[in-house]
Amino acid sequence: MAKLEKALHGRFDDVLQRIERGVLNGSLSASLEDASDFIEGSARVSVRVFERYSWLGNNRVSMNVTLFQAGDGPVHLSAITSGGSQAMFFKINTFGEEAFLDKLKELVL
159 MAKLEKALHG
169 RFDDVLQRIE
179 RGVLNGSLSA
189 SLEDASDFIE
199 GSARVSVRVF
209 ERYSWLGNNR
219 VSMNVTLFQA
229 GDGPVHLSAI
239 TSGGSQAMFF
249 KINTFGEEAF
259 LDKLKELVL
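In terms of the working numbering, the sequence shown opens at residue 159 and continues consecutively.
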């Protein structure tokens, strides 16, 4: 499992769109598996679950991306990847997870 947490500046919708487009265009096998959005007063939350095939790990990895913004504050990002191991009891190969997260880092850093 790999994780990225960061406070971003910009419009919520612009950040979300940049992430969606960038992740989906960053890999031939990337897909948006599901999405969820909430608005309560001036707070917003968007959750996206992406998946792609990892050639190096010979398996599929997923990435959960959550964006949160309260009012005009920064857009908080939490992204967690999972599924990049072939072992039964412990992780021996997380290259695919880290590579998936690296793509997101390119988009937001």
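Here a beta-carbon is modelled for each residue, glycine too, at the ideal position from N, C-alpha and C. No experiment lies behind these values; they were computed from the predicted model shown.
Inset, instruction - Count the other CB atoms, across all protein chains shown, that sit within 10 Å of the CB of ARG169; report buried if there are 16 or more and exposed otherwise. - result: exposed
Inset, instruction - Assess, as a yes-or-no matter, whether the stretch 226-240 is touched by the stretch 188-195 under the definition of 3 or more beta carbon pairs within less than 8 Å. - result: no
Inset, instruction - Report yes if the CB atom of VAL207 is closer than 8 Å to the CB atom of GLY241, and no otherwise. - result: no
Inset, instruction - Would you mind sorting ARG210 into buried or exposed? The rule is 16 or more other CB atoms within 10 Å of its CB. - result: buried
Inset, instruction - Measure the C-alpha to C-alpha separation of ASP171 and ALA257 and round it to an integer number of angstroms. - result: 25 Å
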